[in-house]
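Below is one structure; the comments refer to it alone.
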Amino acid sequence: MKNLGQHILAEFHNCDSEVLNNTELIEKLMINAADKSGATIVNSIFHTFNPWGVSGAVVITESHLTIHTWPEFGYAAVDVFTCGEDVDAWVGFKVLQEGLKSDRYTTVLIKRGIVNHDQVIPGFVMRPEVREFEAEYA
259 MKNLGQHILA EFHNCDSEVL NNTELIEKLM INAADKSGAT IVNSIFHTFN PWGVSGAVVI
319 TESHLTIHTW PEFGYAAVDV FTCGEDVDAW VGFKVLQEGL KSDRYTTVLI KRGIVNHDQV
379 IPGFVMRPEV REFEAEYA
């Protein structure tokens, strides 16, 4: 099945709360994840919330990496979306998992830009009337 990109949705649990609340460190970690995965970095923007938490994005030529942190829960939601064959999104994922010091995580991989629309993504249901995907959990 031909697709244009892959999108990793990651749920990182039991992360280091001090890391999750350090905007400068989170930005460096995200840029490092993009770099190590082979991506071309375009720009980054990060925001610190009061009293805690960080949200940010690293725009790459091949798409983006985003993060939203909840230090009070030791949790981070991360997207690593890459297009093309020269970037390894899983390398970026591993850099983030180690940097956030997460000992428990879940991931969902979505193949983006399915070129052959006659094929469907295993585990997802296409609803033509609204053109949305719904995950089906076993």
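Counting from 259, one number per residue, gives the positions in the sequence shown under my numbering. Cβ atoms here follow ideal geometry from the backbone N, Cα and C, with glycine treated the same way.
DSSP-derived helix/strand/coil call for residue i
i      : result
Leu323 : strand
Lys260 : coil
Gly371 : coil
Ser275 : helix
Val345 : coil
Gly314 : strand
Leu283 : helix
Ala291 : helix
Leu354 : helix
Phe307 : coil
Neighbour-count burial assignment, residue i, 16 or more Cβ in a 10 Å radius
i      : result
Ile303 : exposed
Pro309 : exposed
Phe351 : buried
Gly342 : exposed
Phe331 : exposed
Thr364 : exposed
Val388 : Any answer about Val388 is weak, because its pLDDT of 45 lies below 50 and its placement is not dependable; what the coordinates show is given next. The residue is exposed, with fewer than 16 neighbouring Cβ atoms inside 10 Å.
Beta-carbon gap between residue i and residue j smaller than 8 Å
i      : j      : result
Gly314 : Ile284 : yes
Thr319 : Val349 : no
Leu273 : Ala347 : Reading off the sequence shown, one finds Cys at residue 273, where the question assumed Leu. No.
Ser360 : His271 : yes
Leu323 : Asp337 : yes
Given residue i as reference, the closest of the options once Cα atoms are compared
i      : options                           : result
Thr340 : Val277, Asp293 and Ser321         : Ser321
Phe307 : Ser295, Glu282, Leu323 and Leu287 : Glu282
Ser295 : Gln264, Ser275 and Arg370         : Gln264
Cβ separation of residue i and residue j, assumed to be a contact under 8 Å, to the nearest whole Å
i      : j      : result
Ala291 : Val353 : 4 Å
Ile372 : Asn279 : 38 Å between Cβ atoms; not a contact.
Leu358 : Val277 : 6 Å
Ile289 : Val312 : Incorrect: roughly 14 Å between the Cβ atoms, too far for contact.
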